[in-house]
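Read through the structure below, which is laid out as structure tokens, and then see the notes.
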Amino acid sequence: MANETSGPKFERRVAAMQAEMGRVLKRLASLSIAMMRADAAWEAYSRERAKVVQTNPSEDELDAAMRRQLTRVENNDFLRAAAYLSVWFALLYVVVEGWRKWKFFDTKVDPLLTAIHIDELKQYRHAIFHAEE
30 MANETSGPKF ERRVAAMQAE MGRVLKRLAS LSIAMMRADA AWEAYSRERA KVVQTNPSED
90 ELDAAMRRQL TRVENNDFLR AAAYLSVWFA LLYVVVEGWR KWKFFDTKVD PLLTAIHIDE
150 LKQYRHAIFH AEE
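For the sequence shown, my numbering gives the first residue as 30, with consecutive numbering after it.
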């Protein structure tokens, strides 16, 4: 009877398992970096949003600010907050894409990825990273 823990066949199996583990670790690292980018956008959004909130605008003032931004582009706290929030949404979908592509699974994460909002995130990502009319 051959020893199953030695020999060329065993060594090939070990090498294949090590290669697969290396691929999984690289994917995890890539997904972690993508999530950190999204977190950085969220932190930047939070800082800019705090500046807007600090001015204590009414709902009418916020509505007026949004309408102004639709007709003219000016670099202000409101636009920066909106831009960072947009980038955060788009980067969040990039994380979802990687999770699905590499077939990761988790009992807490997976139910979140079946929500209708995932399709909305995908459309948002495309709108943010692909210039269109």
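Note that CB positions come from ideal geometry on N, CA and C, so glycine has one too.
Selection from the options that minimises the alpha carbon distance to residue i
i    : options                   : result
L142 : A156, F158, H155 and V123 : V123
S59  : W131, A160 and D139       : W131
M64  : L121, R154 and I145       : L121
R76  : P86, A110 and D92         : A110
F158 : Q47, D135 and Y113        : Y113
V125 : L54, V53 and S61          : S61
V8   : N105, W128 and H155       : Residue coverage of the chain in this structure runs from 30 to 162, which leaves residue 8 outside it and unanswerable.
Host alpha helix (DSSP H) of residue i (start-end)
i    : result
I157 : H146 to F158
D139 : V138 to L141
Test item: CB-CB of residue i and residue j under 8 Å
i    : j    : result
W117 : A67  : yes
Y153 : A119 : yes
V81  : F107 : yes
Spatial neighbours of residue i in its chain, beta-carbon cut-off 7 Å, leaving aside the 5 residues before and after
i    : result
K151 : Y122
- Item | Complete runs of the alpha helix (DSSP H) confined to the stretch 36 to 87 [at least 4 residues] | As far as the stretch 36 to 87 is concerned, its whole alpha helix (DSSP H) runs of at least 4 residues are 37 to 83.
- Query: Which full runs of the alpha helix (DSSP H) of 4+ residues lie inside the stretch 94 to 143, going along the chain?
  - Reply: Taken in chain order, the unbroken stretches of alpha helix (DSSP H) that lie wholly in the stretch 94 to 143 and span 4 residues or more are 106 to 130 and 138 to 141.
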